[in-house]
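Colleague: Below is a structure I'd like to ask you about.
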């Protein structure tokens, strides 16, 4: 632990801690412009970040994503930061002109005029949701429908006066858990258990070894069947023991592992040394 030895004054230490790290600095080419919109009376977009080299189309596309006004219906005017003095009218789509050519400065305001009378913002829907047309149905018409929550609730209460929506959700969740358990049991029935002593390959990783154990392990929570593998190489997680109890013998630490049967494929999986010898013999035969 470092100890302050007094070689630096507290004032120097304070200046060092509070000095400008440069982390908040931005490029001189970066612009922070506020956006105001003719149809949006209460909504503003302060200090959107732009770059002086951004084309007019890029600026308009950014404003479109913020306001919903299409690029083709957009007229832009640059104002002073107090919104009182117009500084420049930004032209329509151009190939070469960048926003920096109009001499904007940080905190300047871009005023958006939307020329589309059918714009999503034109009728005030974006700020006053009460203006949005909503589907309405009379109580009599709703009562005549069969597939409504009210009818569903009434039927449930007839079956069980103590019924609540919370009970219904809990019951459905329990049914789903039971269905998942049944599916797992059905899948387990289709898995062929390997035979002890068989050569095998374990997924994932293509790890090879020999089956040393097949069955349930009391030290592992649950009622699942496990396959104990003695790997050819130290790619396992144990040495054949679980919580201090040996389940099977293997070569040593990190040579043992317990895996689900569906991840084990048995067959003529040769050990690395045997495979090398077989390949070597084949090469010799080829040369003969």
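Numbering (the numbering used here), first residue to last: 2 to 289. Don't be surprised by glycine CBs; every beta carbon is placed ideally from N, CA and C.
Please return the same chain residues whose Cβ sits closer than 7 Å to the Cβ of residue 256, not counting the five positions on each side in sequence.
Modeller: Closer than 7 Å at the Cβ level, and outside the excluded window around residue 256, lie 231, 232, 235, 237, 240.
Colleague: Please report the Cβ distance between residue 100 and residue 51, rounded to the nearest whole angstrom; I am assuming they are in contact, meaning their Cβ atoms lie under 8 Å.
Modeller: Yes, residue 100 and residue 51 are in contact; Cβ-Cβ is about 6 Å, under 8 Å.
Colleague: Would you mind reading off the limits of the beta strand (DSSP E) that contains residue 115?
Modeller: Run containing residue 115: 110-115, per the beta strand (DSSP E) assignment.
Colleague: What number of angstroms, rounded off, separates the C-alpha of residue 58 from the C-alpha of residue 39?
Modeller: Cα to Cα, the separation comes out at about 20 Å.
Colleague: Could you say if the segment 69-77 and the segment 117-135 meet the contact criterion of at least three C-beta pairs nearer than 8 Å?
Modeller: Yes, they touch.
Colleague: Is it buried or exposed for residue 91, if we count other Cβ within 10 angstroms and need 16 for buried?
Modeller: By the neighbour-count rule (16 or more Cβ atoms within 10 Å), residue 91 is buried.
Colleague: Would you kindly report the start and end of the unbroken alpha helix (DSSP H) that includes residue 144?
Modeller: Residue 144 -> alpha helix (DSSP H) spans 140-145.
Colleague: Can you find the residues in the same chain that come closer than 7 Å, C-beta to C-beta, to residue 107, ignoring five residues on each side of it along the sequence?
Modeller: Within the same chain, residue 107 has close Cβ partners 32, 33.
Colleague: Suppose you measure from the CA of residue 98 to the CA of residue 42; what does that come to, to the nearest Å?
Modeller: Roughly 30 Å between the two C-alpha positions.
Colleague: Less than 8 Å between C-beta atoms, sequence neighbours within five positions excluded: which residues of the same chain meet that for residue 110?
Modeller: Taken in chain order, the residues that qualify are 34, 35, 36, 37, 79, 80, 81, 82, 84.
Colleague: Which same chain residues end up closer than 8 Å to residue 62 when comparing Cβ atoms and leaving out the 5 residues on each side of it in sequence?
Modeller: 72.
Colleague: Could you pull out every unbroken beta strand (DSSP E) segment of at least 3 residues lying fully inside the segment 59-98, listed in chain order?
Modeller: Counting only runs of 3 or more, we get 75-80, 87-91.
Colleague: If we call anything under 9 Å between Cβ atoms a contact, is residue 261 one with residue 211?
Modeller: Cβ distance not < 9 Å, so residue 261 and residue 211 don't count as in contact.
Colleague: Does the Cβ of residue 141 have 16 or more other Cβ atoms within 10 Å, making it buried, or fewer, making it exposed?
Modeller: Residue 141 is exposed by the Cβ-count criterion.
Colleague: Buried or exposed: where does residue 11 fall if 16 or more other Cβ atoms within 10 Å of its Cβ makes it buried?
Modeller: With fewer than 16 other Cβ atoms within 10 Å, it is exposed.
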